[in-house]
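*Asks:*
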Amino acid sequence: MDGERLRDYWSHEVSALLAAHRQFEILLPNARTRGAAHRGEDGRYVEDLVRTYLRKYLPKDLEVLTGFILRPAVKTDLSNRSRSGDEDRHSTQLDIIVYDTGTFPVFQRFGDSVIVPPEGVVAIISVKKTLRDADISTECAALRDASEICRSDKKGNERVRGPFLALVATSCEIEKTSIPTEKWIFEKTEDCYASLSKFDDLIGLISDLSQWAIFKKRPRKNKNDSANYLYFKFNSDEQHFGFQMLMSGIMSVYYDSTRRNVKRPGFTAFPRRSPDEKLGQIPFSELR
4 MDGERLRDYW SHEVSALLAA HRQFEILLPN ARTRGAAHRG EDGRYVEDLV RTYLRKYLPK
64 DLEVLTGFIL RPAVKTDLSN RSRSGDEDRH STQLDIIVYD TGTFPVFQRF GDSVIVPPEG
124 VVAIISVKKT LRDADISTEC AALRDASEIC RSDKKGNERV RGPFLALVAT SCEIEKTSIP
184 TEKWIFEKTE DCYASLSKFD DLIGLISDLS QWAIFKKRPR KNKNDSANYL YFKFNSDEQH
244 FGFQMLMSGI MSVYYDSTRR NVKRPGFTAF PRRSPDEKLG QIPFSELR
């Protein structure tokens, strides 16, 4: 199977993304530790960098924003009153919301900061400059809660596919000795879903974009009870894996048949290779 041109292309693009982050640290170094002198700005710069690169490639109807999701308990469609017994709900502040502004409205906007209804949310991404121990539980829980707010009002298989959920960073300080680090991260993720969740509410990607990725594999149609999590350690020529997985996850939702009747283009390319490890399974109650 070919796709070598795309792999070479994404390899150069992601190398440029990671190099741009290093340039920020070179220009504004911290005199005592690694990273930039201004930690808060360093983190915001990484968010802006990821946001900029996503904007570069995603369809024009998708905006890459930041802010909140508000689910008002009001009538939807012409006469859908399924929220009549609910209360208004909103998410915590979210680093990146990929939102279909070509189809759905926005409640409020100040630049890239928005409050949006859940129907147009295609992806929710937490971004860290450095991934640390506490981030796994905290961010998985925040993403799960935001995904639940976005759940379609329809029932069962008629529901629209939920947003892609991801936690990405440009470096990682999680390092374990008694257990492989990737296994520890998976177990922390698993703990977040101790009670059965929907498949769509399980995080789809956790990645240090320069080193490794933990990716959720979609279940076969005839076996809808557990989500498989796969670990990929990037070789020197595979640094494009993490960002490509992020792009693939977003586009898989945007072009899903429950959302639109448009064929997904061939836009990403991965070499044929097995994961470095199958970390385990997280059971779920139903697909969405």
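Under this note's numbering, think of the first position of the sequence shown as 4, with each following residue one higher.
Backbone N, C-alpha and C fix where the C-beta goes; we use that ideal spot for every residue, glycine too.
For Lys59, tell me which candidate among Tyr258, Glu16, Leu31, Thr184 has the shortest Cα-Cα distance.
*Replies:* As a working note, residue 59 is residue 56 in the sequence shown. That would be Glu16, whose Cα lies nearest to the Cα of Lys59.
*Asks:* Go ahead and label Thr173 buried or exposed: buried means 16 or more other beta carbons lie within 10 angstroms of its beta carbon, across all protein chains shown.
*Replies:* As a first step, residue 173 must be located in the sequence shown, where it is residue number 170. Buried, since its Cβ has 16 or more Cβ neighbours within 10 Å.
*Asks:* Starting from the C-beta of Met248, find all residues in its chain whose C-beta is less than 6 Å away, skip the five residues before and the five after it, and write them out in chain order.
*Replies:* Taking the first residue of the sequence shown as position 1, residue 248 is located at position 245. Taken in chain order, the residues that qualify are Leu208, Ala216, Phe218.
*Asks:* Count the other C-beta atoms from every protein chain shown that fall within 10 angstroms of the C-beta of Leu30, then say buried if there are 16 or more, exposed otherwise.
*Replies:* For the purposes of this step, residue 30 is identified with residue 27 of the sequence shown, where counting begins at 1. Under this definition Leu30 is an exposed residue.
*Asks:* DSSP beta-bridge partners for Ile99?
*Replies:* Taking the sequence shown and counting its residues from 1, the one referred to as residue 99 is at position 96. DSSP output for Ile99 lists Ile128 as bridge partner(s).
*Asks:* Considering only C-alpha positions, which residue in the set Phe71, Ser239, Glu151 is nearest to Arg162?
*Replies:* Walking along the sequence shown from the start, residue 162 turns up at place 159. Closest option to Arg162, Cα to Cα, is Glu151.
*Asks:* Comparing C-alpha positions only, which one of Val124, Phe110, Asp115, Ala137 sits nearest to Val101?
*Replies:* Start at 1 with the first residue of the sequence shown, and residue 101 comes out as number 98. The residue with the shortest Cα to Cα distance from Val101 is Val124.
*Asks:* Can you list, in chain order, the residues of its chain with a C-beta nearer than 7 Å to that of Asp98? Leave out the 5 residues immediately preceding and following it.
*Replies:* In the sequence shown, the residue the question calls residue 98 occupies position 95. Closer than 7 Å at Cβ, skipping near neighbours: Glu50, Thr69, Ile128, Ser129, Val130.
*Asks:* On the CB-based measure, 16 or more other CB atoms within 10 Å of its CB, does Phe113 come out buried or exposed?
*Replies:* Within the sequence shown, numbered from 1, the residue matching residue 113 stands at position 110. Classification for Phe113: exposed.
*Asks:* Would you mind giving the Cβ-Cβ distance between His93 and Leu73, rounded to the nearest angstrom? I have them listed as a contact below 8 Å.
*Replies:* Counting from one through the sequence shown, the residue named residue 93 turns up at place 90. Counting from one through the sequence shown, the residue named residue 73 turns up at place 70. About 5 Å separates the two Cβ atoms, so the contact holds.
*Asks:* Pop quiz: Phe292 and Asp279 are said to be a contact at Cβ under 8 Å. What is the actual Cβ separation, rounded to whole angstroms?
*Replies:* This structure gives no information on residue 292, because the portion of the chain shown stretches from 4 to 291.
*Asks:* Quick one: grab the DSSP three-state call for Arg74.
*Replies:* Counting from one through the sequence shown, the residue named residue 74 turns up at place 71. It is a strand residue.
*Asks:* Between the Cα of Met261 and those of Asp5, Glu122, Gln26, Thr55, spot the shortest distance and give me the residue it belongs to.
*Replies:* The residue labelled residue 261 in the question sits at position 258 within the sequence shown. A small fix is needed here, since residue 261 is Thr in this sequence, not Met. Among Asp5, Glu122, Gln26, Thr55, the Cα nearest to that of Thr261 is on Glu122.
*Asks:* For Ala22 and Lys78, I'd like the C-alpha separation in whole angstroms.
*Replies:* Residue numbering aside, residue 22 sits at position 19 when the sequence shown is read from its first letter. Residue numbering aside, residue 78 sits at position 75 when the sequence shown is read from its first letter. If I take the Cα positions, the gap works out to 48 Å.
*Asks:* Name the residue from Thr141, Glu178, Lys281 whose alpha carbon lies nearest to the alpha carbon of Asp194.
*Replies:* Locating residue 194 in the sequence shown gives position 191, counting from the first residue. Comparing Cα-Cα distances from Asp194 to each of Thr141, Glu178, Lys281, the minimum goes to Thr141.
*Asks:* So Ala3 packs on Leu205, CB below 8 Å; how close in whole Å?
*Replies:* Lying before the first or after the last residue shown, residue 3 is absent from the chain, which here runs from 4 to 291.
*Asks:* Quick check on the DSSP output: what are the complete beta strand (DSSP E) runs of length 3 or more inside the segment 173-240, in order along the chain?
*Replies:* 208-211, 215-220, 229-236
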